[in-house]
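> Please find one structure pasted underneath; my questions will follow.
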Amino acid sequence: MFALVFVALFGVVLYQLLRFDASAWPALASFGLGIGAGLGAGRMTKIAWNEDAAQVVGRMDQLGGIILGLYLLVSVGRWWVLGHWLAGHALTVAGLSFTGGIMLGRLLYTRRQVLRVLSKQHK
């Protein structure tokens, strides 16, 4: 489901870029920053194997809670921060690209952690 939302968001960004002739550079830069933020936000969940349930489970530790707080601040304030440099459609594209980058970064980090736990489990 997370990946489907990302694909839909990517489609909206492409539409905005093509329809309103917005510059691709702010979109690419904010997408890259979003991926970095998403990889950092992925750290907020510890992924481990639960022997009793025989499945991969996630839980949040104290550092993960701090990262979650920073992640929420960035998510809420991204329009204000990006609004200092961009306006109009460029701001919309950059904001949506940043959000998509965060989503992709979290998805990649979680996938990597789950695969790491499963590979250790099957040894």
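Take the position in the sequence shown, starting the count at 1, then add 16; the result is the number in the numbering used here.
Note that the Cβ used here is the ideal one computed from N, Cα and C, for glycine as well.
For the alpha helix (DSSP H) containing Ala-40, name the first residue and the last one.
The count along the sequence shown starts at 1 and reaches residue 40 at position 24. Counting along the chain, the alpha helix (DSSP H) containing Ala-40 begins and ends at 40 to 58.
> Which residues in the same chain as Asp-68 place their Cβ atom closer than 8 angstroms to its Cβ, once the five residues preceding and following it in sequence are excluded?
Working through the sequence shown from its first residue, we reach residue 68 at position 52. Around Asp-68: no qualifying Cβ.
> Just the Cα atoms here: how many angstroms apart are Met-119 and Met-60?
Within the sequence shown, numbered from 1, the residue matching residue 119 stands at position 103. Within the sequence shown, numbered from 1, the residue matching residue 60 stands at position 44. Met-119 and Met-60: Cα-Cα distance of roughly 14 angstroms.
> Judging by CA-CA distance, which residue of Leu-34, Gly-58, Ser-113 is the nearest neighbour of Gly-74?
For this step, residue 74 is matched to residue 58 along the sequence shown. Cα-wise, what sits closest to Gly-74 is Gly-58.
> Do you know whose CA, among Arg-132, Val-133, Thr-126, lies nearest Ala-19's CA?
In the sequence shown, counting from the first residue as 1, residue 19 sits at position 3. Considering only alpha carbons, the answer is Thr-126.
> By DSSP, does Ala-24 sit in helix, in strand, or in coil?
As a first step, residue 24 is located in the sequence shown; it is residue number 8 there, counting from the start. Here Ala-24 sits in helix by DSSP.
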